[in-house]
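Worksheet for the structure shown next.
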Amino acid sequence: GAVVSQHPSWVICKSGTSVKIECRSLDFQATTMFWYRQFPKQSLMLMATSNEGSKATYEQGVEKDKFLINHASLTLSTLTVTSAHPEDSSFYICSARDSEGLSSPLHFGNGTRLTVT
Amino acid sequence: QKEVEQNSGPLSVPEGAIASLNCTYSDRVSQSFFWYRQYSGKSPELIMSIYSNGDKEDGRFTAQLNKASQYVSLLIRDSQPSDSATYLCAVKGGTASKLTFGTGTRLQVTL
Chain F
73 GAVVSQHPSW VICKSGTSVK IECRSLDFQA TTMFWYRQFP KQSLMLMATS
123 NEGSKATYEQ GVEKDKFLIN HASLTLSTLT VTSAHPEDSS FYICSARDSE
173 GLSSPLHFGN GTRLTVT
Chain U
661 QKEVEQNSGP LSVPEGAIAS LNCTYSDRVS QSFFWYRQYS GKSPELIMSI
711 YSNGDKEDGR FTAQLNKASQ YVSLLIRDSQ PSDSATYLCA VKGGTASKLT
761 FGTGTRLQVT L
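Residue numbers (our numbering), protein chains in the order written: chain F, 73 to 189; chain U, 661 to 771.
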């Protein structure tokens, strides 16, 4: 149980274009999903918390107009990197909990490796 | 001071030995603690979770928590080459729902 599916697993795009990444909870409903970014040899950095039916909460320093998050249903959240630039190249990982208890762990998708040329 | 601190390593242990991974955190009201394993190029996978002071064992893994010292550790017994990965410590605060991750400790199990 508690499977999070992320698509695509990798994408290469040209500078200036936009890329959409999908995150789905396959066997549970997730009112909240989390989007992380990881640069090589660094830890996961939380970008934003995606809330179903409402606006996402962005961490300090993350541009909400550049990283558009939509959480339209209890099983799907999307992250769109708009006007991507080479410095946006990174490993993007979504996660979700299958329950809201304090002790519930995060389950991660397989990640999306974005390369902007 | 970082919220969650780990030694980046690499920590090198011979096959069959015990690997000891350590993590300290700054938020005293933290309530939930998790250890994730991350292979290169992959997303993290949950290894252990612990919420109460003391030890929690699951197979070859033992998590230890000391809230007074704000310290959590992970012991891996009978280390195998397949255990070679980066181990991330994650902490969940009192009221916040988000997890804060440490930078991870890279473990190398040598033959």
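Note that the Cβ used here is the ideal one computed from N, Cα and C, for glycine as well.
Discussion item. Closer than 8 Å is the cut-off here; do at least three beta carbon pairs connect the region 677–690 of chain U with the region 727–738 of chain U?
Written reply: Touching, per the Cβ criterion.
Item to complete: Please confirm if F721/U has its CB atom under 8 Å from at least one CB of chain F.
Response: For F721/U, the closest Cβ of chain F is not nearer than 8 Å.
Worksheet item: Under the DSSP definition of a beta bridge, which residues are partnered with I93/F?
Response: Under DSSP, the beta-bridge partners assigned to I93/F are L151/F.
Worksheet item: By Cβ distance below 6 Å, which residues in the same chain neighbour I710/U in space, the five residues on each side in sequence not counted?
Response: The beta carbon of I710/U sits closer than 6 Å to the beta carbons of F693, K716, A723 and L725 from its chain, once the five residues preceding and following it are set aside; these are given in chain order.
Practice prompt. Count the other CB atoms, across all protein chains shown, that sit within 10 Å of the CB of G719/U; report buried if there are 16 or more and exposed otherwise.
Written response: G719/U should be labelled exposed.
Worksheet item: Between the region 695–726 of chain U and chain F, which residues of the former have CB atoms less than 9 Å from a CB of the latter, in chain order?
Response: For the region 695–726 of chain U, the beta-carbon criterion of a distance under 9 Å to any beta-carbon of chain F is satisfied by Y696, Q698, G701, K702, S703, P704, E705, L706, S709 and Y711.
Worksheet item: Q114/F versus chain U: which residues are under 8 Å apart at the beta carbon?
Response: Correct list: T763.
Worksheet item: Where L148/F and Q78/F are concerned, what is the direct C-alpha to C-alpha distance, given to the nearest angstrom?
Response: The alpha-carbon atoms of L148/F and Q78/F are separated by roughly 10 Å.
Fill in: For S145/F, the three-state DSSP class (helix, strand or coil)
Strand.
Worksheet entry | Interface partners of L748/U on chain F, CB under 9 Å | Here the neighbours are S115 and L116.
Worksheet item: Which word fits T765/U, buried or exposed, when buried means at least 16 other C-beta atoms lie within 10 angstroms of its C-beta?
Response: Using a 10 angstroms sphere on the CB of T765/U, the tally of other CB atoms reaches 16 or more, which defines it as buried.
Worksheet item: Beta-carbon separation of F180/F and S162/F under 8 Å?
Response: One thing to note: F180/F has its Cβ no nearer than 8 Å to the Cβ of S162/F.
Discussion item. If I measure Cβ to Cβ from F761/U and keep anything under 6 Å in the same chain, skipping five residues before and after, which residues do I get?
Written reply: Only L748 and A750 meet the Cβ criterion.
Fill in: Neighbourhood of W107/F by C-beta, 6 Å cutoff - its chain only, sequence neighbours within 5 removed
The answer, listed in chain order, is M119, A120, L151 and C166.
Item to complete: Excluding the 5 residues preceding and the 5 following D137/F in the sequence, name in chain order all residues of the same chain whose CB lies nearer than 8 Å to its CB.
Response: These residues qualify, in order along the chain: T154.
Practice prompt. Count the other C-beta atoms from every protein chain shown that fall within 10 angstroms of the C-beta of G125/F, then say buried if there are 16 or more, exposed otherwise.
Written response: With fewer than 16 other Cβ atoms inside 10 Å of its own Cβ, G125/F counts as exposed.
Item to complete: Closer than 6 Å by C-beta to Q768/U: which residues in its own chain qualify, once you throw out the five before and the five after it? Chain order, please.
Response: Excluding sequence neighbours, Q768/U sits near P670, S672 and S744.
Worksheet item: DSSP beta-bridge partners for A750/U?
Response: Answer by DSSP bridge pairing, in chain order: F694/U and F761/U.
Practice prompt. Spatial neighbours of S81/F within its chain, please: CB distance less than 8 Å, with the 5 preceding and 5 following residues excluded, ordered by chain position.
Written response: Within the same chain, and ignoring the five residues on either side of S81/F in sequence, the residues whose Cβ sits closer than 8 Å to its Cβ are N182, G183, T184 and R185.
Worksheet entry | Close beta carbons around S97/F, own chain, < 7 Å, minus the five adjacent residues each side | So the qualifying residues of the chain are V76, T147 and A168.
Practice prompt. Pick helix, strand or coil for E135/F, following the three-state DSSP scheme.
Written response: For E135/F, the secondary structure class from DSSP, reduced to helix, strand or coil, is coil.
Worksheet item: Could you give the distance in angstroms between the alpha-carbon of S690/U and the alpha-carbon of P674/U?
Response: If you take the alpha carbons of S690/U and P674/U, they lie about 34 Å apart.
Discussion item. Would you say P177/F lies against chain U (beta-carbon separation less than 8 Å)?
Written reply: With 8 Å as the cut-off, P177/F counts as an interface residue toward chain U.
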